[in-house]
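Q:
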Amino acid sequence: MQDLSEQTPSKILFLILDGLGGMPHPDVGQSELEVARIPNLDRFAGLSICGVTDPIAPGITPGSGPSHLALFGYDPIRFDIGRAILTAQGIHFPIGPNVVCIRAQFATV
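Be aware that the sequence shown starts at 2, since it is given in my numbering, and climbs by one per residue.
See the structure below:
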């Protein structure tokens with residue numbers, strides 16, 4: 002990852018609401034976002050530049066790691082980096098040539 006990064010003086014808040022665009026629920030005909038009361042998100046979006054992207058091509062849904070890098074201009078086919086390595090880098094975990102990064106999530110429903 003260090004070979005891919007470049008420091009600049011810019012300060013940007015880049016908020017990615019990954020997976021926010023759900024499909025309409027059959028009972029109400031709207032997505033979770035369309036039904037939700039989101040005044041703060043509405044205000045924030047009104048003050049921002051917003052967009053939607055297909056990181057590889059329409060209809061192809063890659064994982065979050067390659068998708069996030071594609072938002073910064075990296076080719077997700079050439080730089081196929083998973084979320085585990087991104088998470089490890091985010092907490093400054095020492096990663097060497099013989100390290101395998103695995104990421105898991107737990108939830109109770």
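Every residue, glycine too, gets a C-beta built ideally from N, C-alpha and C.
Between the C-alpha atoms of I96 and I39, what's the straight-line distance to the nearest angstrom?
A: Mapped onto the sequence shown, residue 96 falls at position 95. Mapped onto the sequence shown, residue 39 falls at position 38. Taking the straight line joining both Cα atoms gives about 39 angstroms.
Q: In terms of alpha-carbon separation, which member of V36, R84 and A71 lies closest to A58?
A: Position 57 of the sequence shown, counting from 1, holds the residue named residue 58. A58 has its Cα closest to that of A71, out of V36, R84 and A71.
Q: For the alpha helix (DSSP H) that contains P40, what are its first and last residues?
A: Residue 40 sits at position 39 when you count from the first residue of the sequence shown. P40 to G47 is the extent of the alpha helix (DSSP H) around P40.
Q: Count the other CB atoms, across all protein chains shown, that sit within 10 Å of the CB of P77; report buried if there are 16 or more and exposed otherwise.
A: Taking the sequence shown and counting its residues from 1, the one referred to as residue 77 is at position 76. P77 should be labelled buried.
Q: So what's H69 in DSSP terms, helix, strand or just coil?
A: Taking the first residue of the sequence shown as 1, we reach residue 69 at position 68. If DSSP states are grouped into helix, strand and coil, H69 belongs with the helices.
Q: Going by beta carbon distance, what residues of the same chain come within less than 6 angstroms of H26, once the five residues before and after it are set aside?
A: Within the sequence shown, residue 26 is the residue found at index 25, counting from 1. If we look at H26 and ignore the five residues flanking it on each side, it has no Cβ neighbours.
Q: Just to check my reading of the structure: G64 and G91 have Cβ atoms closer than 8 angstroms, yes? What is that Cβ distance to the nearest angstrom?
A: If you number the sequence shown from 1, residue 64 lands on position 63. If you number the sequence shown from 1, residue 91 lands on position 90. Not quite, the Cβ-Cβ distance comes to about 16 angstroms (not below 8 angstroms), so this is no contact.
Q: Judging by CA-CA distance, which residue of N99, P98, H93 and A89 is the nearest neighbour of A105?
A: As a position in the sequence shown, residue 105 is number 104, starting the count at 1. The option with the nearest alpha carbon to A105 is A89.
Q: Going by DSSP, what residue range makes up the alpha helix (DSSP H) through E33?
A: Sequence index remark: in the sequence shown, residue 33 carries index 32 (1-based). Unbroken alpha helix (DSSP H) run through E33: E33 to V36.
Q: Does DSSP classify Q106 as helix, strand or coil?
A: In the sequence shown, counting from the first residue as 1, residue 106 sits at position 105. The answer is coil: DSSP assigns Q106 none of H, G, I, E or B.
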